[in-house]
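In what follows, a structure is listed as structure tokens, so that the remarks can point back to it.
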Amino acid sequence: MCEAFNGTICRARTRPLINTLEEIRCYVMERTYKKMHLMKNSRDQICPRIRKVFNKNIESSSRCMCIPSAVGNFQVTEEDDQYGVNLNQHTCGCRAWDLSGIPCRHAISGIAFLRDDPTKYVDTCYRRETHSLSYSRGLPPINGYLMWPSVPGSNIKPPPHKVIPGRPKKNRAKSKDERSELPRDPNKLPKNGVKMKCWNCNTYGHNTRTCKQPREVNTAVSTKVFIMFIETERQDEENNFCYYTINVFRRT
């Protein structure tokens, strides 16, 4: 839930603080309204996503064989395994019904033995009435900042804005035990803690692009920058040899 919501507000996080909170509030208000009217036109007693999981359990219950034991108690066999099901307490030996609140395939096999409706055994938190009640209040709207009441006291100014070098980060800070999206090359060493050195003034703490000293032509470095033109002079078709003339020009 937190990761899905964090991915939704990525665009809002790039804006100033008040604009970020306002965009998140509008998004939550619109989402609550859509969720409130989602189940009003539905005739199903449970939510759509729960219905998909429930239908899969109904299909897989055909592989189970049910043996009644007592009132509401069954022994369900599936291939080489067997589980004890208690319909009165909504429990199963596989623990899937206990944890999710949705009847598992073993429980549905026992319910089908009684010829009962399996929808009645779904937890109340997944029902249409509970879904509509949770979104019924909604999020109240607010007026614009021009209509906000004035508060006595001095105006609180924002902190001074400081431009940090580099591209602004949009992704969240990951912990050490989380994997990065792109695997690091094992043949390269990380540059964490490495001090940048300027080849223009031979000092640490900055690079050549941000150096304030006048540029000096360094012959040892400038010899690396050459432009090479390769031109075909002639070709010997009999011996399958090709002769080239290489013209080297120094970039100024």
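Taking the working numbering as reference, the numbering of the sequence shown is continuous, increasing by one, and the terminal residue is 242. Where is the CB? At the ideal position from N, CA and C, for every residue including glycine.
The ligand ADP heavy atom lying under 7 Å from the CB of residue i
{"i": "Tyr125", "result": "This structure does not include the ligand ADP; it has no bound ligands of any sort."}
Secondary structure of residue i, DSSP reduced to three states
{"i": "Ile101", "result": "helix"}
{"i": "Tyr17", "result": "helix"}
{"i": "Asn76", "result": "strand"}
{"i": "Thr22", "result": "helix"}
{"i": "Thr10", "result": "helix"}
{"i": "Phe219", "result": "Residue confidence for Phe219 is low, a pLDDT of 42 falling below 50, so the modelled location carries little weight; the figure read from the coordinates is stated next. Of the three classes helix, strand and coil, the one that applies to Phe219 here is strand, per DSSP."}
{"i": "His96", "result": "helix"}
{"i": "Cys201", "result": "coil"}
{"i": "Met29", "result": "coil"}
{"i": "Val211", "result": "Summary for Val211: the model assigns pLDDT 41, below 50, so the residue's position carries little reliability; its value from the coordinates is reported in the next sentence. Looking at Val211 - three-state DSSP - the assignment turns out to be helix."}
{"i": "Pro155", "result": "coil"}
{"i": "Lys110", "result": "helix"}
{"i": "Leu136", "result": "helix"}
Proximity below 8 Å, CB of residue i to CB of residue j
{"i": "Lys160", "j": "Thr4", "result": "yes"}
{"i": "Met19", "j": "Leu129", "result": "yes"}
{"i": "Glu68", "j": "Arg53", "result": "yes"}
{"i": "Tyr116", "j": "His80", "result": "no"}
{"i": "Asn47", "j": "Ile92", "result": "yes"}
{"i": "Asn76", "j": "Asn63", "result": "yes"}
{"i": "Cys16", "j": "His121", "result": "no"}
{"i": "Pro58", "j": "Phe(-5)", "result": "no"}
{"i": "Ser32", "j": "Arg118", "result": "yes"}
{"i": "Met26", "j": "Ser126", "result": "yes"}
{"i": "Asn197", "j": "Cys188", "result": "yes"}
{"i": "Cys82", "j": "Ala60", "result": "no"}
{"i": "Ser99", "j": "Ser51", "result": "yes"}
According to DSSP, residues forming a beta bridge with residue i
{"i": "Glu68", "result": "Asp71"}
{"i": "Tyr194", "result": "Lys187"}
{"i": "Arg63", "result": "In the sequence on display, residue 63 carries Asn and not Arg. Bridge partners of Asn63: Ala60 and Asn76."}
{"i": "Thr81", "result": "Asn76"}
For residue i, the first and last residue of its enclosing alpha helix (DSSP H)
{"i": "Pro38", "result": "Pro38 to Ser50"}
{"i": "Thr4", "result": "No alpha helix (DSSP H) contains Thr4, which DSSP labels as neither H nor E."}
{"i": "Trp281", "result": "As displayed, the chain neither begins before -9 nor continues past 242, which places residue 281 out of reach and without an answer."}
{"i": "Gly(-3)", "result": "Cys(-8) to Thr(-2)"}
{"i": "Leu123", "result": "Arg118 to Ser124"}
Unbroken beta strand (DSSP E) run spanning residue i, endpoints
{"i": "Ser59", "result": "Met55 to Ala60"}
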